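The structure under discussion appears below in the form of structure tokens.
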Amino acid sequence: MPFGLKNAGVTYQRLVNLMFKELIEKTMKVYVDDMLVKSMEQAQHLKHLEESFAVIRKYGMKLNPNKCTLGVIDGKFLGYMVIERGIEANPEKIEAILQMPTSKSVKDIKKLAGRMTSLNRFILKAVDKSLPFFKILRNVKNLSGPLSAIKLLTI
């Protein structure tokens, strides 16, 4: 498929979904070119990998060995930590929020709100806790720089 086509990503996703339709949701998760083969037991995992590799061979797909990780109990997938018990927040994303300097502008609050949004599924009552950020962003329009920080403090 030529590069630069607007619908190339969607088309490729549809192709991959068709290729792995028998395995998706049973033993596999696929998002564009990220694939995860999941199993409860090691013996099952070998069988599931064989099935996945059979499909890959059937369609002549190539894998980059430098980007493949096999037989691990946990790891990163699509920005989340996949562990035995399920999905957890990526500690790197949490650390990025903790290391942010104090917000001094609307732009800083937008950055914080965006980073918080990526962790919403892991935060109890996330909407309630994020609401102050979004109220500020809704009420303060087109402000930037140090003056906006002063105006933010008065809202």
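Residues 1 to 155 in full-length UniProt numbering are what the sequence shown lists, from first letter to last.
Glycine included, every Cβ here is placed at the ideal spot set by N, Cα and C.
What you are looking at is a predicted structure, and each value in this text was computed from that prediction instead of being measured.
- By the neighbour-count definition (other C-beta atoms within 10 Å, threshold 16), I109 is a buried residue.
- Taking each of T117, S103, L63 in turn and checking the Cα distance to A89, the smallest one comes out for T117.
- With respect to the 8 Å criterion, N120 and A126 are classified as neighbours on the basis of their beta carbons.
- With a minimum length of 3 residues, the unbroken runs of beta strand (DSSP E) contained wholly in the stretch 81 to 129 fall at 86 to 88.
- Taking L137 as the centre and dropping the five residues before and after it, the same chain places the C-beta of V106, I109, K110, A113 closer than 8 Å to its C-beta, in chain order.
- Shown here for F133: same chain residues with a beta carbon closer than 8 Å to its own, the five before and five after excluded, namely I109, L112, A113, M116 in chain order.
- Here the alpha carbon of V37 sits roughly 32 Å from the alpha carbon of L98.
- Residue burial annotation: M35 is buried, with at least 16 other C-beta atoms found within 10 angstroms of its C-beta.
- DSSP, reduced to helix, strand and coil, places F20 outside both helices and strands of the structure shown, so it counts as coil.
- Around the beta-carbon of T102, fewer than 16 other beta-carbon atoms lie within 10 Å, marking it exposed.
- Per DSSP, the beta-bridge partners of Y31 are D34.
- The Cβ-Cβ distance between G9 and V32 falls below 8 Å.
- In the three-state reduction of the DSSP assignment, K76 falls in the strand class, which pools E and B.
- I73 is not a Cβ neighbour of L63, given a cutoff of 8 Å.
- Annotation for L49: the continuous alpha helix (DSSP H) segment containing it runs 42 to 58.
- Beta-carbon to beta-carbon, S52 and L78 are separated by about 17 Å, too far to satisfy the 8 Å threshold.
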